[in-house]
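The structure appears below as C-alpha cells.
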Amino acid sequence: MRIDKFLQSVGLVKRRVLATDMCNVGAVWLNGSCAKPSKEVKTGDAISLHYLKGIEEYTILQIPTLKNVPRKDMHLYIAPKTKE
C-alpha cells in the first residue's frame with residue numbers, strides 16, 4: 001500500500017491530499033529516509049511524521065484492507081514508538 005494512502009486510511013491524516021503534500025515537503029520519513037507519496041509500506045516499517053510541534057514516530061503492525069479504519073481500531077495497525 002502507498003504511504004499516502006496508508007496515512008489516510010489509518011487516520012494519521014484526514015485526507016490523502018494532505019498526506020501527499022506532507023510527503024512532497026519532506027515531513028514524512030519511512031525507515032530513516034524521506035518518503036515520496038508513492039513509496040510502498042509493509043509490516044514492521046517505521047514512520048516518522050515531522051510536525052511543527054515535534055516528531056511523532058510509529059511502527060506499522062499490519063496493512064489495513066479497509067478504505068478507512070475506525071479510530072477505535074487504530075491500535076491494530078500502528079503502534080507509537082517509545083521514547084528512549
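At position 37 of the sequence shown the residue is numbered 37 (the UniProt record's numbering), and the sequence of numbers has no breaks. Beta carbons are placed, not taken as given, at the ideal position from N, Cα and C, and that holds for glycine.
Residue i, enclosing beta strand (DSSP E) - first and last residue
i	result
I3	Careful: I3 lies outside any beta strand (DSSP E), inside the alpha helix (DSSP H) at I3 to S9.
V28	V28 to L30
L49	A46 to Y51
P80	I78 to P80
Best match in the options for proximity to residue i [C-alpha to C-alpha]
i	options	result
residue 89	P37, M74, R2 and G26	The chain is shown only over 1 to 84; residue 89 falls outside these bounds and no answer can be derived.
K72	S9, D4 and I3	S9
C23	Q62, D4 and V13	D4
P70	G11, F6 and A35	G11
Y58	T65, L76, N68 and L66	L76
K42	K67, I63 and C34	I63
Three-state secondary structure assigned by DSSP to residue i
i	result
A19	helix
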